[in-house]
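In the working numbering, the protein residues as written are 9 to 332.
We treat Cβ as the ideally placed atom computed from N, Cα and C, and that holds for glycine.
This one's a predicted model, so the numbers in the text were calculated from it and none came from an experiment.
Below is one structure, written out as structure tokens, with a few remarks after it.
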Amino acid sequence: MVLAADRLSGSHAGHPATSGGRDRRVTRHETVGLWPGLDVRFAVTQSIVSQQTAFQSLEICDTETFGRALFLDNKIQSAEVDEHIYHESLVHPGLLAHPNPRSVYIAGGGEGATLREVLRHRCVERAVMVDIDGEAVNFVKQYMVAWHRGAFADRRTELVIGDARAHLADTSETFDAIIVDVTDPIAGGPSYLLFTREFYELARQRLNPGGIIAIQAESTASPLLYGHAAIVRTLRQVFGTVRAYATFVASFGEPWGFAVASDSLDPAALEPTEVNGRLAARGVPTRHYDGETHRAMFSLPRHVRDAIAASGETISDRQPLIAH
């Protein structure tokens, strides 16, 4: 994907933008390749940080429509207006399916918002977040406070800067839940080996009995559905129960897929009343996710179900998934 900046001109250049109390005027557009042949333009009101880290390109900027936003390797990661949709959807179905998740491992999760949602569960006593890019985490701590909301400073948090797969392989600690919140699998990037069968086998070894793993599982839009389907098929080679689900994230411009896997737990079996009851019992406040949303997310369109069910490629270290 290509990220390019072009100066605005003409009638589009003077519209005010307000986000989080910021009143700005559009200064430029960021053009991001969404799918082959389709670009999306974000009206930018202020650039906060633009940096090449040791692992990826990073930009934090204020946008007219979605507020502050984070781009990594030229792809939007989350935006102020709707980041809660993505992060609540990733975290809560899996954690609510577990009767008492006390220890949680987060692979990636640089913004700290996944950590924020994990720590909303009062039963969680320990959360280990491992992100490879310390520079990115430091920028997020400073400029994206609305995402982490102090989660990095919570006494239950252990933040490790390093490769999540290597760290998981080296540790003898086991967890009730593992959440994989990493960037898209770009060739040569920091994340593509966290989508493979070998990584999922390692994760299974680090789960306590009755544990569960939740994964950001790429777009479910038709042009890119092969990636989501391959992730789910690969998980099914490792775990006894695998469920796919999705929700629309407006700033992404597409429906986004997730997957949960376990040998004993099935989040899709939770009824709306049970979801709401568990949220209330744990004191978890949400803006997007509840019982009705839970049921809707697991009700995938037929073409998505058919793509997952079809015989097709799975993902391994030798044949990794590479996003385009």
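If you count every other CB in all the chains shown that lies within 10 Å of the CB of residue i, and 16 or more means buried, which is it?
i	result
residue 226	buried
residue 233	buried
residue 97	buried
residue 37	buried
residue 72	buried
residue 64	buried
residue 53	buried
residue 222	buried
residue 23	Note on residue 23: pLDDT 38, under 50, position unreliable in the model; the coordinate value appears next. Flag for residue 23 reads exposed.
Quick check on residue i: does DSSP put it in helix, strand or coil?
i	result
residue 318	coil
residue 138	strand
residue 7	Since the first residue of the chain shown is 9 and the last is 332, residue 7 is not available in this structure.
residue 328	coil
residue 86	strand
residue 93	helix
residue 98	helix
residue 273	coil
residue 132	coil
residue 205	helix
residue 106	coil
residue 229	coil
Consider the C-beta atom of residue i and the heavy atoms of the ligand HEM; say whether any pair is separated by less than 6 Å.
i	result
residue 106	By its list of ligands, the structure shown contains no ligand whatsoever, and the ligand HEM lies outside what it can speak to.
Per the DSSP calculation, residue i is bridged to which residue(s)?
i	result
residue 59	66
residue 47	41
residue 71	52 and 75
residue 114	137 and 187
residue 224	266
residue 80	66 and 83
Could you check how far apart the C-beta atoms of residue i and residue j are, in whole angstroms? I think they sit under 8 Å.
i	j	result
residue 95	residue 121	4 Å
residue 126	residue 99	6 Å
residue 254	residue 265	5 Å
residue 330	residue 195	5 Å
residue 238	residue 119	About 26 Å; that fails the 8 Å criterion.
residue 106	residue 184	6 Å
Counting only beta-carbon separations shorter than 7 Å, does residue i have a partner in chain D?
i	result
residue 136	The chain labelled as chain D is not found in the depicted structure, where only one protein chain is given.
Exercise. Quick one: complete alpha helix (DSSP H) runs, 4+ long, within the segment 233-270?
Worked result: 233-244
Exercise. Which runs of the beta strand (DSSP E) fall wholly inside the segment 161-201 and span at least 3 residues, in chain order?
Worked result: 165-169 and 183-189
Problem set entry | Within the segment 276-316, ranges of the alpha helix (DSSP H) (whole runs, at least 4 residues) | 280-290 and 299-305
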